[in-house]
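**Q** Below you'll find the structure I mean.
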Amino acid sequence: MTAQYQVHGDIAVITLNNPPVNGLGLSTRQGIADGMAQAHADAAVKAIVITGAGKAFSGGADITEFGSPKALQEPNLISVIKVLENSAKPVVAAIHTVAMGGGLELALGCHYRIAAPGTSIALPEVKLGLVPGAGGTQRLPRVLGVEPALNMIVSGEPVKSEMLAMLPGQKLFDKLSASAESLAEEALAFARSVADVRPLPLVRDLKCKHPQGDAYFQFARNMVKGMSKNFPAPAKCVDVVEAATKKKFDEGMLVEREAFINLMFTAESKSLRHLFLAERAASKIADVPSDTAQRAINSVAVIGAGTMGGGIAMNFLNAGIPVKMLEMKQEALDRGIATIRKNYEAQVAKKKLKQDKYEQRMSLLTTTLSYDDLTGTDMVIEAVFEELGVKEAVFKELDRVMKPGAILASNTSTLDVNKIANFTQRPEDVVGLHFFSPANVMKLLEVVRGEKTAKDVMATVMSVAKKIKKTAVVSGVCDGFIGNRMIEQYGRQGGFLLDEGCTPEQVDKAMEKFGMAMGPFRMGDLAGNDIGWAIRKRRYLEKPHMKYSKTADLLCEKGRFGQKTGAGWYDYVPGKREAIPNAEVVAMIEEHRKALGITPRKISDEEIVQRLVFSLVNEAAHILEEGIAAKASDIDIVYIFGYGFPAHRGGPMNYADEVGLFNVVQAMNRFAQNPLDDAKFWQPAPLLAKLAAEGKTFN
541 MTAQYQVHGD
551 IAVITLNNPP
561 VNGLGLSTRQ
571 GIADGMAQAH
581 ADAAVKAIVI
591 TGAGKAFSGG
601 ADITEFGSPK
611 ALQEPNLISV
621 IKVLENSAKP
631 VVAAIHTVAM
641 GGGLELALGC
651 HYRIAAPGTS
661 IALPEVKLGL
671 VPGAGGTQRL
681 PRVLGVEPAL
691 NMIVSGEPVK
701 SEMLAMLPGQ
711 KLFDKLSASA
721 ESLAEEALAF
731 ARSVADVRPL
741 PLVRDLKCKH
751 PQGDAYFQFA
761 RNMVKGMSKN
771 FPAPAKCVDV
781 VEAATKKKFD
791 EGMLVEREAF
801 INLMFTAESK
811 SLRHLFLAER
821 AASKIADVPS
831 DTAQRAINSV
841 AVIGAGTMGG
851 GIAMNFLNAG
861 IPVKMLEMKQ
871 EALDRGIATI
881 RKNYEAQVAK
891 KKLKQDKYEQ
901 RMSLLTTTLS
911 YDDLTGTDMV
921 IEAVFEELGV
931 KEAVFKELDR
941 VMKPGAILAS
951 NTSTLDVNKI
961 ANFTQRPEDV
971 VGLHFFSPAN
981 VMKLLEVVRG
991 EKTAKDVMAT
1001 VMSVAKKIKK
1011 TAVVSGVCDG
1021 FIGNRMIEQY
1031 GRQGGFLLDE
1041 GCTPEQVDKA
1051 MEKFGMAMGP
1061 FRMGDLAGND
1071 IGWAIRKRRY
1081 LEKPHMKYSK
1091 TADLLCEKGR
1101 FGQKTGAGWY
1111 DYVPGKREAI
1121 PNAEVVAMIE
1131 EHRKALGITP
1141 RKISDEEIVQ
1151 RLVFSLVNEA
1161 AHILEEGIAA
1171 KASDIDIVYI
1181 FGYGFPAHRG
1191 GPMNYADEVG
1201 LFNVVQAMNR
1211 FAQNPLDDAK
1221 FWQPAPLLAK
1231 LAAEGKTFN
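The numbering of the sequence shown is the working numbering, which starts it at 541 and goes up by one.
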């Protein structure tokens, strides 16, 4: 049982004990119900306290039970809350650290609530594409007021208990304890003080009205509509909170339940729940146990003060870890430091960072022109030019100066980490840490595991990733790793579509309508078209059989490298990100098409989306088969956090599962018939063909 029962004199204490966040799975729900029965059977017990063991009151529902028989098995959470409400003895929730989702709903079903300061309070179900499903939308407005409650429910963001306690007229907390440490004693004392008070107060009996009623909810709907066009849940949150103000409590509960069940079966909610579990699964490495001893990382060195080096350094400064930055020339260092200062000052100006925090972070940054000054640091990350000879020179120097046991990391985005490791006498200490640009903003970190990378190095860098607030995904060694290897096929398809009749704008608009943050041509302009050009030049030598459209090369020959030159597939006005279509670029594509003897055809948005997305899926199936990625969900995480794939579609592999792998293979067979495409590429990867034939999915 994952809930313990103890008696302290005349007070029974039920403690949820289901690490790490005391999730309300079937066993825990059963434990609460059993504890309540035991307390009622004991005449000596006058009141009951419910609390949580460890570092949470309760983080809410056990999401691993969603969609399984256990989720429906009685007692469900609504039944448990009824047991608390119907208790003949007072029930006090002693809330600390975290009370979220079903955990907060459980507390709202108690007669009284005492909270420790610093407790994070939230109803985050909207982040899973749902509305709260155990009375949260009906009870929270009654204790907080309609507007603060709706704001919390629609955003899903946590608010600290002391902030909520300051709201005028709030009835969420009957008391704030003096500290987290004194909560248990204060809860027992409070329970004794209310043991004989009757009638027992119920949240459901409180009034719930908004003075402007209809006008307020219409305003709320308009706001939500603009912010969440691809997600149905936020608008439903407004509906169910409105029901709390217009219907009797039990009728409002029925509205909430219906909305919850309907949303549970939407593609958007399935996708968001998939990503929730995928993100947690990505941090686990099958052959690296969770108790693997880690190396201490108390200081970091960064080689290179350019855009990437500066961004990488900021991640560590933000986490309070001292950084030593190395460059070959003082002016390069000065430029790098100036950029870091500019980034922080922009945050201060927008009131996202306090001046003292900014100064504190900058005080952790030191600079040097000599490798010998890096000797004492625990980890070094190089962010130098993407060329193997340059990396070789850097790693030979690092091998010479870094102390034994220091981790040597490369920020390479495509190069062979095994070759880089072999430039040293300690390949077991070498790992790839591929940050995405801008490195101080993008959440994704590809952790590239070399064939000799030590397990404790892997355990350490995964832990460091969490510390610097990155979502880390492990990749094996191959050209481009997971993300860039796949994006090359996506870019190739974009080029073929231009040859066959599309404009860059048509392709980008189709992908953005699908939900991508930006289409392939706007993305190329942002990254720099010269980067793709350099890769293609390498490909022409290494893989002469690989087919590309020549339009991107023609663009680069005109010096149109993208936003940094003010001209790429589109034109750009200095200081603005807006992509302005360019007639010369369209004419260049048309001339090239004519030179190839191609008659342009009308291409539907559906074909554009399928060719681009399924090209990602097919390459990803090869990546899975080769063991470069451990699981399909890791690939989804890479694309959501690194490449702007729409979260409501759950990543390319989840999207393929939703479409049905049989249908994906059928579409690929059609594309293979197109003489202007690459028929060989559209041969379904063996893993994809096998899963489709067996009626299975990637995830």
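We put the CB at the ideal spot given by N, CA and C, even for glycine.
The structure displayed is predicted, hence computed values, not measured ones.
Between VAL780 and VAL795, how many whole angstroms is the CB-CB distance? I'm expecting something under 8 Å.
**A** 6 Å between Cβ atoms; contact.
**Q** Once the 5 residues before and after CYS1096 are set aside, which same chain residues still bring their CB inside 7 Å of it?
**A** ASN1069, ASP1070 and TRP1073.
**Q** One question on the structure: do SER768 and ARG1189 come within less than 7 Å of each other, judged by their Cβ atoms?
**A** Not a contact, by the Cβ cut-off of 7 Å.
**Q** Within 10 angstroms of its Cβ, does ASN626 collect 16 or more other Cβ (buried), or is it exposed?
**A** Exposed: under 16 other Cβ atoms inside 10 Å.
**Q** By a C-beta neighbour count over all protein chains shown, 10 Å radius and 16 as the cutoff for buried, is GLU871 buried or exposed?
**A** Answer is exposed; the Cβ neighbour count stays below 16.
**Q** Measuring alpha carbon to alpha carbon, tell me which residue in ASN562, ALA999 and GLY571 is nearest ASP827.
**A** Ranking ASN562, ALA999 and GLY571 by Cα distance to ASP827 puts ALA999 first.
**Q** Taking its Cβ as the centre, do 16 or more other Cβ atoms sit within 10 Å of PHE856, making it buried, or is it exposed?
**A** PHE856 comes out buried.
**Q** Assign HIS1085 to one of two classes, buried (16 or more other C-beta atoms within 10 Å of its C-beta) or exposed (fewer than that).
**A** Exposed.
**Q** Using CA atoms only, rank isn't needed, just tell me which of ALA1135, LYS1171, TYR1179 and PHE1211 is closest to GLU1146.
**A** Residue PHE1211 is the option with its Cα nearest to GLU1146.
**Q** What does ALA1012 pair with, by DSSP beta-bridge criteria?
**A** Bridge partners of ALA1012: LEU985.
**Q** Thinking C-alpha only, which one of ASP790, PHE757, ALA593 and LEU1228 is nearest ALA775?
**A** When each option's Cα is compared against that of ALA775, the closest is PHE757.
**Q** Touch check for the region 696-704 and the region 650-662: three-plus C-beta pairs under 8 Å?
**A** Result yes; three or more Cβ-Cβ pairs closer than 8 Å.
**Q** Compare the C-alpha of LEU873 against each of SER910, PRO1044 and VAL930 and name the closest.
**A** The candidate whose alpha carbon is nearest that of LEU873 is SER910.
**Q** So who's on the other strand from ASP1111, going by DSSP bridges?
**A** Answer is ALA1107 and ILE1120.
**Q** When the Cα atoms are used, what is the spatial distance from ALA836 to ALA755?
**A** Approximately 57 Å, taken between the alpha carbons.
**Q** Tell me whether ILE1168 sits in a helix, a strand or coil according to DSSP, three-state version.
**A** ILE1168 falls in the coil class under three-state DSSP.
**Q** PRO630 and HIS651 look like a contact to me (Cβ under 8 Å); what is the Cβ gap, rounded to whole Å?
**A** Right, their Cβ atoms sit about 5 Å apart.
**Q** Smallest Cα separation from PRO559: which of SER598, VAL934, ALA1135 and ILE572?
**A** Looking at the Cα atoms, SER598 is the closest of the given residues.
**Q** For PHE1054, report the span of its beta strand (DSSP E) as first-last.
**A** Careful: PHE1054 lies outside any beta strand (DSSP E), inside the alpha helix (DSSP H) at 1044-1054.
**Q** Short check: CB of ALA923 to CB of ASN883, under 7 Å?
**A** Cβ atoms of ALA923 and ASN883: not closer than 7 Å.
**Q** Is the Cβ-Cβ distance between LEU1066 and GLN1103 less than 7 Å?
**A** Contact flag set, yes.
**Q** Of the residues GLY860, ALA735 and GLY549, which one's Cα is nearest the Cα of LEU899?
**A** A quick correction: the sequence has Glu, not Leu, at residue 899. Among GLY860, ALA735 and GLY549, the Cα nearest to that of GLU899 is on GLY860.
**Q** Leaving aside the five residues before and after GLY709 along the sequence, list all residues of the same chain whose C-beta is less than 8 Å from its C-beta, in chain order.
**A** GLY685, listed in sequence order.
**Q** What is the DSSP secondary structure of GLU922, counted as helix, strand or coil?
**A** Of the three classes helix, strand and coil, the one that applies to GLU922 here is strand, per DSSP.
**Q** Select from PHE713, LYS787, ARG881 and ASN962 the residue whose C-alpha is nearest the C-alpha of ALA727.
**A** Residue PHE713 is the option with its Cα nearest to ALA727.
**Q** Which residue's Cα is closest to the Cα of ALA933: ASN962, THR917 and GLY945?
**A** Among ASN962, THR917 and GLY945, the Cα nearest to that of ALA933 belongs to ASN962.
**Q** Using C-beta distances below 6 Å, list every residue in its chain close to GLY792, excluding the 5 sequence neighbours before and after it, in chain order.
**A** For GLY792, where only same-chain residues beyond five positions count, the Cβ hits under 6 Å are GLN678, ALA783 and ALA784.
**Q** Tell me whether the beta-carbon of THR954 lies closer than 7 Å to the beta-carbon of GLY849.
**A** In this structure, GLY849 does not lie closer than 7 Å to THR954 by Cβ.
**Q** Taking 6 Å as the limit between beta carbons, can you name the residues of its chain near LEU566, skipping five residues before and five after?
**A** Within the same chain, LEU566 has close Cβ partners LYS610 and GLN613.
**Q** What's the gap between the Cα of LEU1037 and the Cα of LYS894?
**A** Answer to the nearest angstrom: the Cα atoms are 48 Å apart.
**Q** Between which two residues does the beta strand (DSSP E) holding LEU740 run?
**A** That residue, LEU740, is in no beta strand (DSSP E); it is neither H nor E in DSSP.
**Q** Which first and last residues belong to the alpha helix (DSSP H) in which ALA587 is found?
**A** Not the alpha helix (DSSP H): ALA587 falls in the beta strand (DSSP E), residues 587-592.
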